[in-house]
Amino acid sequence: ELAVFVSRLTHHKRLDMAIEGVRIAREAGLPLRLRVLGSFRSLSAGQERDAKAMIAEEPWIELREDYSRDELPELLAACRYGIHAMAREPYGIAVAEMLRAGVIPFVRPGAGPAEITGEEPRLQFDSAAELAERLLAVARSDALRVDLQARLVPLAEGLAPERFVREIREIVASQIAPSRFEA
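The letter at position 175 of the sequence shown is residue 678 when you use the working numbering, and the numbering goes up by one with no holes.
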């Protein structure tokens, strides 16, 4: 099975917590691999070197820095789980992208990512150990996985770009006086 971590790779995003959570789940018997999709552009050379060394320590971690926005949906769709470890993230576009791709995202409580996932407590974690516990619970229970997916599908549909376009057009149309455009 494959989990994904999508982010600008800064220390605030807590890649270390995601890696540790997957490591704990693996030690408990879950054959989980981690795909890291992101960019180190925001880090100093030393921070980038340290982060890449942490990733290179584990053969079950795949790092992809060189993907295009067009490739992202396919890279995400190959994953079953997503991990968003930043605390107090204002929105969390990566979580929305995970949902749209059918990925079950695990997020920190509070703020944007938790709202995007419908404040579902079974998808929230505060530590690497709790992340591992959540991953293991979902991986070991088809019923739980199906229930979570059923709860997430409508949330994902609500994030469709077409929905946003339609709603913006409706707002604009409601504000424009029809007489201004009559011939």
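Glycine residues also receive a C-beta, built at the ideal position from the N, C-alpha and C atoms. Keep in mind that this is a model prediction, so the values were computed, not measured.
Would you mind reading off the limits of the alpha helix (DSSP H) that contains residue i?
| i | result |
| --- | --- |
| Leu575 | Leu575 to Ala580 |
| Ala556 | Ala548 to Ala559 |
| Gly615 | Ala614 to Ile619 |
| Arg529 | Leu518 to Glu530 |
Of all the options the options, which has the alpha carbon lying nearest to the alpha carbon of residue i?
| i | options | result |
| --- | --- | --- |
| Arg643 | Lys516, Arg529, Asp519 and Met520 | Arg529 |
| Tyr570 | Arg511, Arg625, Pro562 and Ala599 | Arg511 |
| Arg583 | Pro534, Arg672 and Ile527 | Pro534 |
| Ala653 | Glu623, Ala640, Ala531 and Asp629 | Glu623 |
| Tyr594 | Leu575, Arg672, Ala617 and Pro576 | Ala617 |
| Ile607 | Ala590, Ile596, Gly613 and Ile586 | Ile586 |
Can the beta-carbon of residue i be found closer than 8 Å to that of residue j?
| i | j | result |
| --- | --- | --- |
| Glu592 | Gly615 | yes |
| Ile522 | Leu537 | yes |
| Gly605 | Ala580 | yes |
| Arg611 | Phe628 | yes |
| Val539 | Arg567 | yes |
| Ser545 | Thr513 | yes |
| Gly524 | Leu638 | yes |
| Ala554 | Phe543 | yes |
Nearest-angstrom Cα distance between residue i and residue j?
| i | j | result |
| --- | --- | --- |
| Phe609 | Leu602 | 11 Å |
| Val668 | Val656 | 20 Å |
| Asp645 | Ala632 | 21 Å |
| Pro576 | Glu600 | 8 Å |
Using DSSP's beta-bridge definition, name the partner residues of residue i.
| i | result |
| --- | --- |
| Ile607 | Tyr584 |
| Arg511 | Ser542 |
| Ile564 | Leu537 |
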